[in-house]
Amino acid sequence: MQRYRFIESCLFLPTYFNHKKLKAHLTGKTVLITGASSGIGEQVAYQLASISCHLVLVARRREKLLQIKNRIETKSATVSIYKADLRNDHEMNEFLTFLHDLPNGLDIVVSNAGLSINRSIYDSLDRYHDFTRTMAINYFAPVQLLLSILPILKKNHGQIINVSTINALLAPVPYFAAYQASKSAFDVWLRSISTELRAEGITTTTIYLPLVRTPMIQPTISYQHMPAMTPSHVAKIICKSMYTQKKKYQPWWLLIGQLASVFLTSFGDFSNKTKNRKKS
Ligand SMILES: NC(=O)c1ccc[n+]([C@@H]2O[C@H](COP(=O)([O-])OP(=O)(O)OC[C@H]3O[C@@H](n4cnc5c(N)ncnc54)[C@H](OP(=O)(O)O)[C@@H]3O)[C@@H](O)[C@H]2O)c1
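For the record, in the sequence shown the residue sitting at position 21 is 21 according to the numbering used here, with numbers rising by one throughout.
As structure tokens, then:
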């Protein structure tokens, strides 16, 4: 179990959720979690384990999903696992057929599967595929999934929970162009349709996250000592949103971060211009 350092306790205030409310809201319901084989998705599944609901877990690593299912099914939830690469058209279509055949439909979709890439643009000149593969999983896959299952969600007055990043709301940072562009694309897509969905009884929630200590950030050495949330804390926030149905979660300091990011970007641009002028 990861513990917070002092600075992390200040940045990531505890989340209190009412387990009774969550249980009352979810009993008998079906929850789909994409990217459930590790990190945040896995922790959301554990958070729901003690509730009599049906969890549908999808990811590429079947063995990991099986281990998670075995652990959860010692408790109250029932679990269906599905191995699929959601970027692959054929596998996605088979998965969609599986979802359409669920006897009680779907009530909640946690759109969580994702990929991040940390690479300078000059190291990306021969790596167009970095941009297509991040768009494929962070944007096109959830769009394709939701287009197909919206009618099922409508029937059950369902909820879509988008696991997003604060970067979608901040001035973009260097080295993460592929990731930020693809996460922002889905964020805008979902916000664009949320009013239409709400009119048909489907609610949307976006969880804007700072750094979270999961396998996703392990390859970035500089992140190892930076403040980061724990995936179990994030799982609580996501599960709380299932019964509050709030439109969004964002850290309390985001506004300060937004002002700082605009200032730092302008300052960076200004100092680059000055350097370039001196060179010429
Ligand atoms: N960690 C952070 O700092 C952070 C911050 C903000 C937002 N987020 C968002 O949080 C979400 C979860 O990330 P995480 O931090 O928990 O990372 P993670 O541990 O790497 O989890 C990513 C999940 O996505 C699944 N996945 C990736 N590609 C897939 C594909 N093609 N088809 C099906 N499943 C796929 C992975 O499973 P398989 O490999 O088994 O397929 C895994 O279960 C992502 O959307 C990420 O953008 C993370």
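All C-beta atoms, glycine included, are put in the ideal place defined by N, C-alpha and C.
This one's a predicted model, so the numbers in the text were calculated from it and none came from an experiment.
Does the Cβ-Cβ distance between residue i and residue j come in under 7 angstroms?
i: THR134; j: LEU115; result: yes
i: ILE149; j: LEU99; result: yes
i: ALA281; j: GLU73; result: Only positions 1 to 280 of the chain appear in this structure, which leaves residue 281 out of reach.
i: ASN112; j: VAL163; result: yes
i: LYS69; j: VAL79; result: yes
i: PHE17; j: LYS236; result: yes
i: GLY257; j: LEU170; result: yes
i: ALA178; j: ILE238; result: no
i: SER182; j: THR205; result: no
Contact check, residue i vs residue j under 8 angstroms by CB: the rounded distance?
i: GLN245; j: GLN159; result: 6 angstroms
i: MET175; j: ARG87; result: First, the residue type needs correcting, since residue 175 is Tyr and not Met in the sequence shown. Not really, about 23 angstroms apart at Cβ, beyond 8 angstroms.
i: LEU209; j: LEU153; result: Actually they are not in contact, since the Cβ atoms of LEU209 and LEU153 sit about 23 angstroms apart, beyond 8 angstroms.
i: GLY39; j: PRO251; result: With a Cβ gap of about 18 angstroms, GLY39 and PRO251 do not count as contacting.
For residue i, count the other beta carbons within 10 Å of its own beta carbon; 16 or more makes it buried, fewer makes it exposed. Which is it?
i: ASP123; result: exposed
i: GLY201; result: exposed
i: ARG213; result: buried
i: VAL234; result: buried
i: THR195; result: exposed
i: ILE221; result: exposed
i: VAL31; result: buried
i: ILE121; result: exposed
i: TYR128; result: exposed
i: GLN180; result: buried
i: PHE186; result: buried
i: HIS25; result: buried
i: VAL109; result: buried
Going straight from the alpha carbon of residue i to that of residue j, what length do you get?
i: SER261; j: ILE166; result: 11 angstroms
i: ASN156; j: GLN2; result: 37 angstroms
i: VAL56; j: GLN67; result: 14 angstroms
i: ALA77; j: TYR139; result: 29 angstroms
i: LEU11; j: ASP101; result: 43 angstroms
i: LEU259; j: LYS75; result: 45 angstroms
i: ILE207; j: THR34; result: 15 angstroms
i: LEU211; j: GLY28; result: 33 angstroms
i: ASN93; j: ALA141; result: 11 angstroms
i: PHE131; j: LYS20; result: 43 angstroms
i: LEU190; j: ASP89; result: 21 angstroms
i: ASN104; j: PRO151; result: 13 angstroms
i: VAL143; j: ILE7; result: 37 angstroms
i: LEU125; j: ILE51; result: 49 angstroms
i: PRO219; j: ALA199; result: 42 angstroms
i: ARG62; j: PHE95; result: 14 angstroms
i: LEU255; j: LEU146; result: 30 angstroms
Please find out if some non-hydrogen atom of ligand 3 comes closer than 6 angstroms to the beta-carbon of residue i.
i: THR165; result: For the structure depicted, ligand 3 is absent and the ligand set comprises only ligand 1.
Contact the segment 221-239 vs the segment 24-43: 3+ CB pairs below 8 angstroms
yes
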